[in-house]
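>
Residue numbers (the numbering used here): 199 to 539.
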């Protein structure tokens, strides 16, 4: 099955002191907070793979290095700030040693999104530099301009006026071509977040971040097709699935990876556990040209990090009259649902 490897990544932050003076409400335009003042700590950030066994459905990953593109955002909060504010952002393809200065007395949050090289978004090359599109765009306009610099650049403007922050990593939308995007691409997206209280920093302080799957898989099955029958399943921004008659009695579509659209948000950075997709399902009997509607915009809940199996039953009883029921085992590797019960 597709969901058999679990990639986890630890972000270790090791600190050495250097001496220097230096609610969930969306920030308002022109409300840029003053840059923090205090002792600055030089932060060395290292990203390495780790074996994850925390979630029942998944097996351990291998210890191979996860090569790909990492987008890292750093937020800060404290001393009168009611919510996390942008602090620094960067795009990496070599994230094993990155440094940034943090000021003591504040709480920091590190958010990271990852895509392997084979799942990279559309990119272009300008002056020998690779520029990536969504989700790695660095401006508000969702342009193909995400530059890998292997560095965290300070940028403290509020997000609604910040043109140098990778704020699109909280959604699944991704550039497929220069002028087109997909809200649910078939890629393996990862996301993670961790907070660090820097009120009283110590030497050799460290914090770890776990990158978790921000995707799931879908497969449709039915036991009710006769020779020549077919079922078509469609959804916005998802290539159609087809169920055809199978001699063994159970018809199955391909199992397809889908990246979540609503991954998280930049207020809390909490990874969402499920999302709903509206499917339109049609049935065509053998020797007929006409497709009969089974369901139109039928909402089906998809669980993150699960193989979501949707079984279509009692086809003849539900042509043009959609109903749905759910049956699932929380501890099972597969999350099963039945339509038409």
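Heads up, the beta-carbon is just placed ideally off N, CA and C, and yes, glycines get one too.
Pull the bridge partners of residue 274 from the DSSP assignment, please.
Its beta-bridge partners are 283, 306.
> Any idea if residue 420 is buried or exposed, counting beta-carbon neighbours within 10 angstroms, 16 or more meaning buried?
Residue 420 comes out buried.
> If you reduce the DSSP assignment to three classes, tell me which class residue 409 lands in.
Coil.
> Is the stretch 428-436 close to the stretch 371-390, with three or more CB pairs under 8 angstroms?
Touching, yes, given that three or more Cβ pairs across the two stretches are closer than 8 angstroms.
> Which residue from 356, 354, 359, 318 puts its Cα closest to that of residue 344?
The shortest Cα separation from residue 344 among 356, 354, 359, 318 belongs to 318.
> Following the continuous beta strand (DSSP E) through residue 372, name the residue where it begins and the one where it ends.
First-last of the beta strand (DSSP E) with residue 372: 372-375.
> With a threshold of 16 other CB atoms inside 10 Å of the CB of residue 507, please say whether the residue is buried or exposed.
Looking at its Cβ environment, which holds 16 or more other Cβ atoms inside 10 Å, residue 507 is buried.
> Specify the secondary structure class of residue 339 as computed by DSSP and reduced to three states.
If DSSP states are grouped into helix, strand and coil, residue 339 belongs with coil.
> Would you kindly work out how many angstroms separate the C-alpha atoms of residue 264 and residue 407, rounded to a whole number?
Between residue 264 and residue 407, the C-alpha separation is close to 14 angstroms.
> Should the stretch 362-371 be regarded as contacting the stretch 423-432, the criterion being three or more beta carbon pairs within less than 8 angstroms?
They do not touch, by the three-pair rule.
> Quick check: the Cα distance between residue 416 and residue 332, rounded to an integer number of angstroms?
Cα-Cα distance, rounded: 23 angstroms.
> Below 8 angstroms on the Cβ atoms is my contact criterion, and I expect residue 363 with residue 287 to pass it. Report the Cβ-Cβ distance as a whole number of Å.
Contact flag correct, Cβ pair sits at about 4 angstroms.
> From residue 347 to residue 339, what does the alpha carbon distance come to, in whole angstroms?
Approximately 20 angstroms between the Cα atoms of the pair.
> Which residue comes first and which comes last in the beta strand (DSSP E) that contains residue 365?
First-last for residue 365: undefined, no H or E at that position.
> Per DSSP, residue 345 is paired with what?
Beta-bridge pairing links residue 345 to 329.
> Considering only the alpha carbon of each residue, which of 324, 365, 350 lies closest to residue 335?
The residue with the shortest Cα to Cα distance from residue 335 is 365.
> Is residue 314 closer than 8 angstroms to residue 397 when the C-beta atoms are compared?
Not a contact, by the Cβ cut-off of 8 angstroms.
> Could you compute how far the alpha carbon of residue 290 sits from the alpha carbon of residue 337?
Roughly 17 angstroms between the two C-alpha positions.
> So, under 8 angstroms CB-CB, residue 305 and residue 351 are touching, yes? Tell me the CB distance rounded to an integer number of Å.
In fact, because the Cβ distance is near 21 angstroms, the residues do not count as touching under 8 angstroms.
> Express the C-alpha separation of residue 464 and residue 399 in angstroms, rounding to a whole number.
C-alpha separation (whole angstroms): 25 angstroms.
> Buried or exposed, going by whether 16 or more other CB atoms sit within 10 Å of the CB of residue 284?
Buried: at least 16 other Cβ atoms inside 10 Å.
> Closer than 6 angstroms by C-beta to residue 224: which residues in its own chain qualify, once you throw out the five before and the five after it? Chain order, please.
Interpretation of residue 224 is limited by its pLDDT of 45, a score under 50 that renders its predicted location unreliable; no figure is taken from the coordinates.
> When the Cα atoms are used, what is the spatial distance from residue 418 to residue 320?
Near 29 angstroms, if we compare the C-alpha coordinates of residue 320 and residue 418.
> What whole-angstrom Cβ distance do residue 500 and residue 440 have, given they're in contact under 8 angstroms?
About 19 angstroms; that fails the 8 angstroms criterion.
> How would you label residue 235, buried or exposed, when you count the other beta carbons within 10 angstroms and need 16 or more for buried?
Exposed: under 16 other Cβ atoms inside 10 Å.
> Quick check on residue 394: does DSSP put it in helix, strand or coil?
Of the three classes helix, strand and coil, the one that applies to residue 394 here is strand, per DSSP.
> Residue 367: which of 459, 490, 232 sits nearest, CA to CA?
It is 459 whose Cα lies nearest to the Cα of residue 367.
> Once the 5 residues before and after residue 357 are set aside, which same chain residues still bring their CB inside 7 angstroms of it?
225, 284, 363, 365, 464, listed in sequence order.
> Roughly how far, in whole angstroms, is the beta-carbon of residue 493 from the beta-carbon of residue 479, given that I think they are within contact range, below 8 angstroms?
Yes, residue 493 and residue 479 are in contact; Cβ-Cβ is about 4 angstroms, under 8 angstroms.
> Just the Cα atoms here: how many angstroms apart are residue 481 and residue 422?
Those two C-alpha atoms are separated by around 11 angstroms.
> What number of angstroms, rounded off, separates the C-alpha of residue 470 from the C-alpha of residue 330?
Using only the alpha carbons, I get a separation of about 25 angstroms.
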